[in-house]
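One structure is given here, and the rest of the page talks about it.
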Amino acid sequence: MSLTRRHILQAILAGAAATPLLSVVAATGAAAATVTTEISDAAFFGAWNSTTGTWSTSPVFDYDGHPGMTSVADAARAGDYRTARTALLQYMKGRDERVPPAWAYNGVYSTSLVPLFLDHIWTLGKGEIYQTTLTVGTDWTTSAPDVTSAVQGAISAGGVGFMLMARNKESARAEFASRHAADGAPELTLTYEDGTVLTLAADQSCYIAAGTDADTVFGSAETIEVHDEGTGAFSSTSRKGYLWFDLSGVTSPQTATLGLTGRTSGTAQDVMLYQVQVGFDESTRTWNNTVQNTFSWQGDAKGFDWKKITGANVDSEFYYQLPRFYFAGPLADAYAAAGDEEIATGLIGLMTDFIADTNTSAYGSAAGAASYPRNLDAAWRVQNWCYVYEILRSSPSLTADTNTTLLKALYAAGPFFSTTTSATANWMITIKSALVYLGVCFPEFASATQWRQDALAYLVQQLGSSLYADGGYIEASSTYAMGVANTFVGTSNVLVANSYDVGTIAPLSGLSWFLADQTYPNGYDPAYGDSSYTNQRSSLAKLADLLGDDQLKYVATAGAEGTEPDHTSVTYPDTRVAVQRTGWTDTDWYLRIGADRGNHGHPDELAVQVYAHDRPLLPAMGAYAYVTDPTADWLRKTTQSHNTITVDGAAQDPTAAGSVGNVATPWADLADGYTDATAGVRHERSVLFLHDLGWIVSDALTPADSAEHSYEQNWHLLPDAAPTLDGATARTAFGSGTQLHIIPADPDAATPALKDGYYSPVTYQVAPAAYVSYSLASPGTVKLDTLLLPVREHTRAKASLSLVTGSDSARVLELRADSLKGYYLRAADDGTSRGFGPYRYDGPLAYVDQDQSVLRILLTGGTTLQQGKNDLLAADQALNGTLAVRLNTRDKTIEVSGTAAAAGGADLYLAAPWARSATVAGQAVPLTRKRDLVVVAALR
0 MSLTRRHILQ AILAGAAATP LLSVVAATGA AAATVTTEIS DAAFFGAWNS TTGTWSTSPV
60 FDYDGHPGMT SVADAARAGD YRTARTALLQ YMKGRDERVP PAWAYNGVYS TSLVPLFLDH
120 IWTLGKGEIY QTTLTVGTDW TTSAPDVTSA VQGAISAGGV GFMLMARNKE SARAEFASRH
180 AADGAPELTL TYEDGTVLTL AADQSCYIAA GTDADTVFGS AETIEVHDEG TGAFSSTSRK
240 GYLWFDLSGV TSPQTATLGL TGRTSGTAQD VMLYQVQVGF DESTRTWNNT VQNTFSWQGD
300 AKGFDWKKIT GANVDSEFYY QLPRFYFAGP LADAYAAAGD EEIATGLIGL MTDFIADTNT
360 SAYGSAAGAA SYPRNLDAAW RVQNWCYVYE ILRSSPSLTA DTNTTLLKAL YAAGPFFSTT
420 TSATANWMIT IKSALVYLGV CFPEFASATQ WRQDALAYLV QQLGSSLYAD GGYIEASSTY
480 AMGVANTFVG TSNVLVANSY DVGTIAPLSG LSWFLADQTY PNGYDPAYGD SSYTNQRSSL
540 AKLADLLGDD QLKYVATAGA EGTEPDHTSV TYPDTRVAVQ RTGWTDTDWY LRIGADRGNH
600 GHPDELAVQV YAHDRPLLPA MGAYAYVTDP TADWLRKTTQ SHNTITVDGA AQDPTAAGSV
660 GNVATPWADL ADGYTDATAG VRHERSVLFL HDLGWIVSDA LTPADSAEHS YEQNWHLLPD
720 AAPTLDGATA RTAFGSGTQL HIIPADPDAA TPALKDGYYS PVTYQVAPAA YVSYSLASPG
780 TVKLDTLLLP VREHTRAKAS LSLVTGSDSA RVLELRADSL KGYYLRAADD GTSRGFGPYR
840 YDGPLAYVDQ DQSVLRILLT GGTTLQQGKN DLLAADQALN GTLAVRLNTR DKTIEVSGTA
900 AAAGGADLYL AAPWARSATV AGQAVPLTRK RDLVVVAALR
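No gaps in the numbering here: position 553 of the sequence shown is 552 in numbering that gives the first Met the number 0, and each next residue is one more.
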């Protein structure tokens with residue numbers, strides 16, 4: 000067990016820390032530790048041999064390189080370590096300013112959290128957001144805290160929740176009227192600009208109880224109990240209360256208040272109010288099945304032991320992230336702003352408490368506070384401590400002994416980070432960045448230069464080895480990829496700010512464009528794998544500045560600065576990712592398809608994400624939490640929760656063989672991919688993107704045996720999509736903005752259904768989200784074709800896709816959209832000429848549409864496209880790749896593009912005698928004529 004923070008501070012501030020730390024532990028009466036791993040004063044300041052005039056134990060400092068440390072060195076040579084500590088503090092207070100790395104924090108921060116941090120009340124992530132603290136007395140009284148921001152932010156999720164938790168550990172127990180109470184039931188009052196007032200009753204209310212009631216449901220109780228006492232994160236008598244309000248159909252109010260009627264068994268009691276972003280069922284919620292993210296060690300006489308919480312359904316990340324000291328940066332900033340020494344004293348106490356605990360053998364690491372609990376967590380802690388030390392070094396609350404204790408812990412991290420390893424790329428990058436920060440922020444350490452130089456060289460090498468040859472990141476998570484890029488930006492900025500040379504980080508450009516190419520048109524993360532839907536533009540802007548990349552700057556600023564990129568759609572063949580996009584503005588269209596693999600990935604091979612006009616229409620559904628929980632497991636571990644096809648109900652194996660590619664043309668893209676991620680059944684998916692209409696997604700599932708297999712094609716939507724089914728066609732009904740229609744070409748091929756799923760935009764937030772599912776069971780090859788049709792606001796959808804013929808060797812679709820009429824052929828690549836609508840083609844793929852004066856043709860392989868009995872297009876050799884042709888009789892132009900239009904491609908003979916000009920791959924080419932045909936020569 001650790002000391003109380005009060006005892007530690009008293010011991011340190013009184014000068015007791017001049018004795019070894021173990022002695023302090025014993026003197027204060029805490030449980031004795033058998034081993035301490037704190038560096039001795041002799042090993043830290045050095046031990047001088049007066050006979051030889053040399054250091055018999057070398058100091059960790061470069062005294063000669065820092066003349067200001069002369070008094071520290073003199074005291075160390077005399078063996079007067081108490082004076083050395085005092086001299087070291089004086090030096091650190093007066094030394095030149097260092098620019099530390101920015102602090103990291105993983106929650107929703109406000110200054111109101113500072114008192115909670117000081118009392119060690121801590122929330123993991125963004126799922127529980129502190130609102131305010133209420134005070135209740137012995138009589139039933141009603142309070143109405145303002146919850147406007149919580150409600151406004153929850154409108155799109157369709158509901159808002161709240162948690163009630165005791166502010167202090169005490170014997171008093173608070174109770175509030177539940178929704179089942181005869182009087183004083185909770186109400187949400189919404190007020191609008193026009194004065195309209197809407198009052199909502201709670202839809203769910205309950206409390207959960209630890210101890211013997213951990214599996215007991217209290218959803219029908221007339222009161223909601225709130226209580227906390229004892230030691231540790233909670234006790235057997237702890238209680239937390241929960242409320243949920245349905246916001247379906249509700250518009251965002253100007254103000255919102257939460258009416259709560261409560262009382263306490265004590266004279267007065269403080270109760271914290273949090274917004275929660277996970278719905279619940281009051282008839283089943285218990286302590287054991289509730290994922291909890293907020294715990295309190297307030298007033299714990301034993302102090303916090305920094306160990307794993309047991310007895311609650313808590314994410315293991317709590318154990319890893321709390322020792323990262325994510326709260327330290329906000330506390331340091333609060334101290335810098337207010338100069339309140341109570342904050343400085345509290346923060347120093349938390350840091351020294353951590354050191355006192357973890358520098359003992361009970362924590363299982365010889366490196367002690369430098370390494371606990373894992374090297375990744377230690378790296379984040381060092382980054383945060385580097386930041387706060389630069390502020391705390393001038394605080395009157397920092398004593399000579401405390402300063403020495405902190406610097407010993409920071410120094411010990413250097414040798415540890417120099418040698419520790421991990422097989423995970425983002426871990427090693429974070430670890431080596433922390434080593435750079437140590438070398439920059441504490442140049443007085445003799446190893447600082449070596450740490451800095453070696454770590455930077457390692458980082459550049461590690462980044463290169465963390466990317467595929469195409470520049471894609473090896474972990475299948477966009478958020479983790481951006482995290483690595485941000486780490487490089489932060490490291491480079493710290494080096495530059497402290498007048499060190501960064502050099503060239505060549506691989507960073509490839510990673511930056513991998514991130515930019517995948518970013519939604521609105522600048523947000525596509526959030527595949529263990530990722531969050533967050534705005535990436537500020538991070539891309541920092542990368543653009545670091546790299547001096549004007550095109551990246553354009554993406555980062557939505558075109559406000561920089562130069563428009565020289566590409567739109569892109570393929571990363573090694574990473575197995577392709578992106579189709581029409582441009583780089585917020586209203587452009589976008590589709591991502593991937594068969595990627597790696598850490599933090601999901602079983603989501605050939606899943607797509609779609610964005611059009613103003614919102615994601617088919618998003619990735621997120622990750623929620625690293626916790627044993629049905630919702631988290633469904634999101635992270637099932638294929639069913641992704642926009643792809645589940646085979647036989649099994650989760651895919653993303654490490655299986657697969658590929659993804661895309662061909663981009665000025666008016667259409669064609670993506671193709673396959674995966675063997677479900678044993679025994681190959682899934683092939685192609686996506687024809689007609690830039691002015693939508694996407695035709697074609698799926699083929701080919702089993703290796705003759706047995707019947709079950710298939711489930713799923714399309715996932717945002718929580719406020721409100722989907723409906725009209726036969727087999729699904730339509731969203733957002734309150735405003737762009738809608739999506741999902742139109743199967745063969746409505747009888749599969750059984751449509753609306754199912755209940757979940758959407759987690761960021762970690763620890765989750766909301767119910769209905770999705771559209773098409774299921775069937777069949778032996779042999781199964782083929783499905785689907786039109787994904789975005790419908791802009793205030794427009795009417797006039798589009799249909801229908802299956803004309805379907806066989807094992809060929810599939811013909813007819814597309815209608817306003818005046819456009821198109822035909823789509825996908826066939827075996829056997830050289831056979833097949834009819835599709837009024838056309839025939841001898842290749843494996845052909846798409847032709849006509850809209851008034853414009854005829855468009857997309858072909859793969861083959862040589863001859865006929866209309867009726869006449870050749871419409873003939874090539875003098877088989878097309879090598881995909882060819883796109885646009886014939887405009889009004890403008891009398893021919894445009895040829897696609898991979899088959901590259902230099903050395905085929906000469907084309909077109910039934911376009913009216914043509915006056917032609918371009919191939921954007922280059923003007925001469926036209927020649929041969930009877931009623933025009934000849935468009937290939938590029939040479």
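In this text, a Cβ means the ideal position worked out from N, Cα and C, and glycines have one as well.
Nearest candidate by alpha-carbon position, reference residue i, set the options
i    : options                : result
D603 : A650, T359, A557       : A650
L857 : L844, R172, T863       : L844
R681 : I644, D516, V934       : I644
I695 : N713, A676, A656, I741 : I741
G821 : T898, L692, V781       : L692
G298 : N167, S235, E224, E174 : N167
T627 : L546, N287, A826       : N287
L462 : T448, P442, A484, E443 : A484
D875 : T918, W913, L854, A936 : A936
A557 : G593, S530, R575, T518 : T518
L551 : D585, A515, S465       : A515
S247 : E316, Q151, F317       : Q151
E224 : A171, A624, S697, L546 : A171
S446 : S685, E474, A184, A411 : A411
T674 : E707, L605, H690       : L605
W102 : A706, W384, T570       : W384
CB contact flag (residue i, residue j, <8 Å)
i    : j    : result
G438 : W450 : yes
E389 : P99  : yes
R596 : T654 : yes
N358 : G367 : yes
G880 : G861 : no
T110 : T293 : no
V459 : I504 : yes
R575 : S658 : yes
K992 : Y773 : The requested residue 992 is not part of the displayed model; the chain covers only 0 to 939.
F44  : Y90  : no
D227 : A176 : no
Y129 : L115 : yes
Strand pairing of residue i, partner residues [DSSP]
i    : result
M164 : M271
G660 : D671
I223 : F175
D725 : T728
E683 : Y673, A699
R575 : For R575, which the question treats as bridged, DSSP gives no partner whatsoever.
T239 : Strictly speaking, residue 239 in this sequence is Lys, with Thr absent from that position. Looking at the DSSP assignment, K239 forms a beta bridge with I207.
I942 : Any question about residue 942 goes unanswered here, given that the chain covers just 0 to 939.
W694 : F688, L787
Closer than 8 Å to chain B by CB, residue i
i    : result
D314 : No chain B appears in the structure shown, which is made up of a single protein chain.
Contained beta strand (DSSP E) runs [length at least 3] in the segment 840 to 876, N- to C-terminal order: 844 to 850, 853 to 859, 863 to 866, 869 to 874
Within 8 Å, do at least three Cβ pairs link the segment 453 to 463 to the segment 578 to 590? no
Just list the beta strand (DSSP E) runs in the segment 182 to 221, keeping only unbroken ones of 3 residues or longer that don't cross its boundaries, in chain order. 186 to 190, 196 to 200, 203 to 208
Write down every uninterrupted run of the alpha helix (DSSP H) in the segment 372 to 442 whose length is 4 residues or greater and which is fully enclosed by it, in chain order. 374 to 391, 399 to 418, 424 to 440
State whether the segment 501 to 512 contacts the segment 540 to 554, with contact taken as three or more CB pairs (one from each stretch) at a distance under 8 Å. yes
State whether the segment 826 to 841 contacts the segment 718 to 725, with contact taken as three or more CB pairs (one from each stretch) at a distance under 8 Å. no
What beta strand (DSSP E) runs, 3 residues minimum, are completely inside the segment 888 to 930? 892 to 896, 907 to 909, 916 to 919, 922 to 924, 926 to 929
Inspect the CB distances between the segment 150 to 163 and the segment 760 to 770 and report whether three or more fall short of 8 Å. yes
My parser needs the beta strand (DSSP E) runs of 3 or more residues fully inside the segment 108 to 165; what are they? 120 to 122, 127 to 136, 140 to 142, 158 to 165
Would you check if there are 3 or more beta carbon pairs closer than 8 Å linking the segment 724 to 731 to the segment 113 to 121? no
Sequence ranges, alpha helix (DSSP H) only - wholly within the segment 24 to 91, length at least 4: 40 to 44, 69 to 76
Write down every uninterrupted run of the beta strand (DSSP E) in the segment 771 to 795 whose length is 3 residues or greater and which is fully enclosed by it, in chain order. 781 to 790
Examine the Cβ distances between the segment 801 to 819 and the segment 625 to 639 and report whether three or more of them are shorter than 8 Å. no
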